[in-house]
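Peer 1: Residue numbers (the working numbering): 107 to 372. From the three backbone atoms N, C-alpha and C, an ideal C-beta is built for every residue, glycine too. Keep in mind the model is a prediction, meaning the values are calculated, not measured.
1. Figure out for me which residue from 167, 367, 124, 300 has the closest Cα to the Cα of residue 392.
2. Helix or strand or just coil, what does DSSP make of residue 148?
3. Measure the beta-carbon distance from residue 116 to residue 164 and round it to whole angstroms, keeping in mind my assumption that it falls under 8 Å.
4. Sort 136, 147, 145 by Cα distance to residue 153 and report the nearest one.
5. Which whole-angstrom value is the C-beta distance of residue 196 and residue 326, which I expect to be below 8 Å?
6. Output the boundary residues of the beta strand (DSSP E) element that contains residue 140.
7. Apart from the five residues just before and just after residue 156, which ones in its own chain have a Cβ nearer than 8 Å to its Cβ?
8. Do residue 248 and residue 286 come within 8 Å of each other at the CB atom, strictly closer than that value?
9. Looking only at its chain, what residues have a beta carbon closer than 7 Å to the beta carbon of residue 147, apart from the 5 residues adjacent to it on each side?
10. Here's the rule I'm using: 16 or more other beta-carbon atoms within 10 Å means buried, otherwise exposed. How should residue 185 be labelled?
11. Can you check which of these residues, 219, 133, 212, 122, is closest to residue 181 by C-alpha distance?
12. Does DSSP put residue 128 in a helix, a strand or coil?
13. Residues in its own chain within less than 8 Å of residue 265 by CB, not counting five upstream and five downstream?
14. Please classify residue 292 as buried or exposed, where buried requires at least 16 neighbouring CB atoms within 10 angstroms.
15. Take residue 210 as the anchor and find which of 225, 320, 118, 294 has the nearest alpha-carbon.
16. In terms of residue numbering, what span does the alpha helix (DSSP H) encompassing residue 288 cover?
17. Roughly how many angstroms lie between the CA atoms of residue 344 and residue 243, to the nearest whole one?
18. Please classify residue 363 as buried or exposed, where buried requires at least 16 neighbouring CB atoms within 10 angstroms.
19. Classify residue 193 as buried or exposed, calling it buried when 16 or more other Cβ atoms lie within 10 Å of its own Cβ.
20. Could you compute how far the alpha carbon of residue 108 sits from the alpha carbon of residue 212?
21. Going straight from the alpha carbon of residue 238 to that of residue 319, what length do you get?
22. Would you tell me roughly how many angstroms separate the C-alpha atoms of residue 110 and residue 269, rounded to the nearest one?
23. Let me check understanding here. Comparing Cα to Cα, which of 366, 151, 342 lies closest to residue 133?
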């Protein structure tokens, strides 16, 4: 594929009003497969890193996601380039995975495990013998920690000390494991996903998130979608931002005053 062909495929996945360029560098890189420059709006692809076009388009979609995030930030800031346009946060991964899904539906990208019988068989083994088994084990672990907590209370032992010096288990880790043991979550989604689902308050929301993960959506994408569905009132959102900015300004003013006074005393 050439530069223009890749660009048209990206636009087919999702249009953008912010123009950009795709550049095949003709190089090989051991550090990165591609880059996005938010100032020049260039997607650079080190095409010598790839054996075939499917791998290339995956990286192109990744960098295009940065471009779309950059477009959103420019709209929010009134055209000013903001920091974080290249960040790999939860919102980025949610958008990236949604674009990959769209690309698959359009036949632009594919991840065909079925084409490798050995990989398909190994995938099933990993899912059933390791991911699900580990999920069940951590569920039981969480229930045992709950019992240990109750016995510590009964014996007048500080549970935190028990975690720190008897089990040598970090408190945050213990809290996450215990939460997984306290709610009904399908262990087939794996322990890390179970932690995220277990943190959802409503049972019906947990079930919906769990089902989406079982259908192949990454947990970060599911979490972002559920966040969007909450539909926070725009006024409340702005008021929260206003309060945050006011606190930041106050803290900076206090720091400035301290610096000025320190300079006067030197």
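Peer 2: Let's see:
1. Only positions 107 to 372 of the chain appear in this structure, which leaves residue 392 out of reach.
2. The residue given as residue 148 occupies position 42 in the chain shown. Correct three-state label for residue 148: strand.
3. Walking along the chain shown from the start, residue 116 turns up at place 10. Walking along the chain shown from the start, residue 164 turns up at place 58. In this structure residue 116 does not touch residue 164 by the C-beta definition: roughly 12 Å separates them, more than the 8 Å allowed.
4. On the chain shown, position 47 is the one that residue 153 refers to. Measuring from the Cα of residue 153, the nearest candidate turns out to be 136.
5. On the chain shown, residue 196 is found 90 positions in, with the first residue counted as 1. On the chain shown, residue 326 is found 220 positions in, with the first residue counted as 1. The pair is a contact, with the Cβ atoms about 5 Å apart (cut-off 8 Å).
6. Along the chain shown, one-based indexing puts residue 140 at 34. 140–143 is the extent of the beta strand (DSSP E) around residue 140.
7. By 1-based counting over the chain shown, the position of residue 156 is 50. 139, 162, 165, listed in sequence order.
8. Within the chain shown, the letter at position 180 stands for residue 286. Within the chain shown, the letter at position 142 stands for residue 248. Contact annotation: residue 286 and residue 248 have beta-carbon atoms nearer than 8 Å.
9. Taking the chain shown and counting its residues from 1, the one referred to as residue 147 is at position 41. Closer than 7 Å at the Cβ level, and outside the excluded window around residue 147, lie 124, 125, 126, 127, 173.
10. Here residue 185 refers to the residue found at position 79 of the chain shown. So residue 185 ends up on the exposed side.
11. Translated into the one-based positions of the chain shown, residue 181 becomes position 75. Among 219, 133, 212, 122, the Cα nearest to that of residue 181 belongs to 122.
12. Within the chain shown, the letter at position 22 stands for residue 128. Of the three classes helix, strand and coil, the one that applies to residue 128 here is strand, per DSSP.
13. Within the chain shown, numbered from 1, the residue matching residue 265 stands at position 159. Correct list, in chain order: 254, 255, 258, 259.
14. As a working note, residue 292 is residue 186 in the chain shown. Taking all protein chains shown into account, residue 292 has 16 or more neighbouring C-beta atoms within 10 Å of its C-beta and is therefore buried.
15. Start at 1 with the first residue of the chain shown, and residue 210 comes out as number 104. Nearest C-alpha to residue 210: 118.
16. Position 182 of the chain shown, counting from 1, holds the residue named residue 288. 277–288 is the extent of the alpha helix (DSSP H) around residue 288.
17. The residue you call residue 344 lines up with position 238 of the chain shown. The residue you call residue 243 lines up with position 137 of the chain shown. In this structure, the CA atom of residue 344 is about 44 Å from the CA atom of residue 243.
18. Looking up residue 363 in the chain shown gives position 257. It is exposed - the Cβ of residue 363 has fewer than 16 other Cβ atoms within 10 Å.
19. Looking up residue 193 in the chain shown gives position 87. The residue in question, residue 193, is exposed, as its Cβ has fewer than 16 Cβ neighbours within 10 Å.
20. The sequence position of residue 108 within the chain shown is 2, counting from 1. The sequence position of residue 212 within the chain shown is 106, counting from 1. Going from the Cα of residue 108 to the Cα of residue 212 covers about 19 Å.
21. Here the question's residue 238 lines up with position 132 in the chain shown. Here the question's residue 319 lines up with position 213 in the chain shown. In this structure, the CA atom of residue 238 is about 13 Å from the CA atom of residue 319.
22. As a position in the chain shown, residue 110 is number 4, starting the count at 1. As a position in the chain shown, residue 269 is number 163, starting the count at 1. About 58 Å.
23. For the purposes of this step, residue 133 is taken as the residue at position 27 of the chain shown. For residue 133, the nearest C-alpha among the options comes from 151.
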